[in-house]
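Accompanying notes for the structure given below.
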Amino acid sequence: MCSAVFIALCAAAMFTQQWLLLGIFTAVYVGIFMTGCARIGWNFFFTSQNELPSSTIPSIALTFDDGPTPHSAVILDILKQHDVKATFFLIGQRVEALPQIARQMIAQGHAIGNHSHTHHHFINTKRTADLVNELTQCNQRILQHTQHQTTLFRPPHGVTTQHLALALKRTHLRSIGWSIRSFDTASTDDEALFRRLAKQLQDRAIILMHDHCPITARVLPRFIAHARQLGYQFVTIA
Ligand SMILES: [Zn+2]
């Protein structure tokens with residue numbers, strides 16, 4: 000739709016030799032396209048679940064990306080102590096390296112999803128066939144090591160593309176986004192991270208965090224207590 004409007008506007012500008020307008024249309028389109036790639040909440044190439052469905056009890060979902068890692072065990076202990084269930088989006092290669100932690104996630108009642116096999120830095124430049132391979136391999140490792148078949152997928156870096164849209168269709172995976180981004184990987188101040196989370200906290204929130212970050216483990220108990228005090232229940236992504 001966006002592309003059709005852009006092509007029509009460009010054709011009109013070219014036909015009337017409005018070169019400045021043509022440049023403006025192109026710049027605006029490239030800006031919208033790039034932002035659509037970077038912002039999962041825009042649902043630009045495909046629809047992601049960015050919030051929980053409504054429920055009679057105010058609910059939030061903690062989600063952790065990029066595990067399993069040795070540090071995931073610290074997060075799992077905290078969740079167990081506070082009787083909280085969360086959703087972990089796993090990297091296939093890491094499941095292969097630390098299958099016992101992936102199994103522990105399942106055993107403790109957490110949900111798990113696919114976060115690609117390699118989480119390669121340039122994964123978002125891959126074409127459909129390579130992405131299908133990434134998604135399939137991750138699901139195979141999860142199934143092999145946990146006997147769990149997942150249908151959930153979180154795009155690495157939250158970046159979406161047309162090729163990923165096709166890969167999701169072919170692998171029958173459902174994209175899960177978020178409504179609160181913790182920016183824990185870039186955080187160094189515990190108090191600032193807690194305040195950022197607390198300020199945005201609202202019913203149906205899906206919160207993006209990472210289980211390999213020590214700062215996340217430091218802030219998590221306080222955040223769980225805070226959310227509970229406000230009446231929120233913790234749910235997994237179903
Ligand atoms: Zn990631």
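Just so we're aligned: the sequence shown equals residues 0 to 237 in numbering that gives the first Met the number 0. Every residue, glycine too, gets a C-beta built ideally from N, C-alpha and C.
Exercise. Let me know the secondary structure DSSP gives S71 once reduced to three states.
Key: Along the sequence shown, one-based indexing puts residue 71 at 72. S71: helix per DSSP, three-state reduction.
Self-check item: Neighbourhood of N138 by C-beta distance below 6 Å, restricted to the same chain and skipping five residues each side
Solution: What you label residue 138 is simply residue 139 of the sequence shown in a count that begins at 1. The answer, listed in chain order, is N113.
Quiz prompt | Closer than 6 Å: D64 CB and nearest ligand 1 heavy atom | solution = For the purposes of this step, residue 64 is taken as the residue at position 65 of the sequence shown. Yes - ligand 1 has a heavy atom lying nearer than 6 Å to the Cβ of D64.
Exercise. Quick one: which unbroken alpha helix (DSSP H) runs of 4-plus residues sit fully inside the stretch 66–142? Chain order, please.
Key: 71–80, 91–96, 98–106
Quiz item: Is there contact between the stretch 43–57 and the stretch 179–195, where contact requires at least three CB pairs shorter than 8 Å?
Solution: no
Quiz item: What are the boundary residues of the alpha helix (DSSP H) that includes I175?
Solution: Within the sequence shown, the letter at position 176 stands for residue 175. No alpha helix (DSSP H) contains I175, which DSSP labels as neither H nor E.
Quiz item: In chain order, what residues of the same chain have a beta carbon less than 7 Å from the beta carbon of F5, not counting five sequence neighbours either side?
Solution: Position 6 of the sequence shown, counting from 1, holds the residue named residue 5. Result list for F5: F24, Y28, in chain order.
Quiz item: Per DSSP, what kind of secondary structure is R38 in: helix, strand or coil?
Solution: Here residue 38 is taken as the residue at index 39 of the sequence shown, counted from 1. DSSP places R38 in coil when its eight states are reduced to three.
Quiz item: Quick one: does the C-beta of P154 sit closer than 6 Å to a heavy atom of ligand 3?
Solution: This structure does not include ligand 3; its bound ligands are ligand 1.
Practice problem: May I ask you to report which of helix, strand or coil DSSP gives Q228? | Solution: To locate residue 228, count along the sequence shown from 1; it is residue 229. Of the three classes helix, strand and coil, the one that applies to Q228 here is helix, per DSSP.
Self-check item: Exposure label - K125; buried when at least 16 CB within 10 Å
Solution: The count along the sequence shown starts at 1 and reaches residue 125 at position 126. Buried is the call here.
Quiz item: Does the stretch 67–87 come within contact of the stretch 99–115, defined as at least 3 CB pairs closer than 8 Å?
Solution: yes
Quiz item: Do the CB positions of T127 and H70 come within less than 7 Å of each other?
Solution: Reading the sequence shown from its first residue, position 128 is the one you call residue 127. Reading the sequence shown from its first residue, position 71 is the one you call residue 70. The answer is no: Cβ separation not under 7 Å.
Quiz item: If we count the other Cβ atoms within 10 Å of its Cβ and call it buried at 16 or more, is W177 buried or exposed?
Solution: If you number the sequence shown from 1, residue 177 lands on position 178. Looking at its Cβ environment, which holds 16 or more other Cβ atoms inside 10 Å, W177 is buried.
Quiz item: Mapping DSSP to helix, strand and coil, what is I214?
Solution: Numbered from its first residue, the sequence shown carries residue 214 at position 215. Helix, per DSSP.
Quiz item: How long is the line joining the alpha carbons of W41 and T184, rounded to whole angstroms?
Solution: Taking the first residue of the sequence shown as 1, we reach residue 41 at position 42. Taking the first residue of the sequence shown as 1, we reach residue 184 at position 185. Those two C-alpha atoms are separated by around 23 Å.
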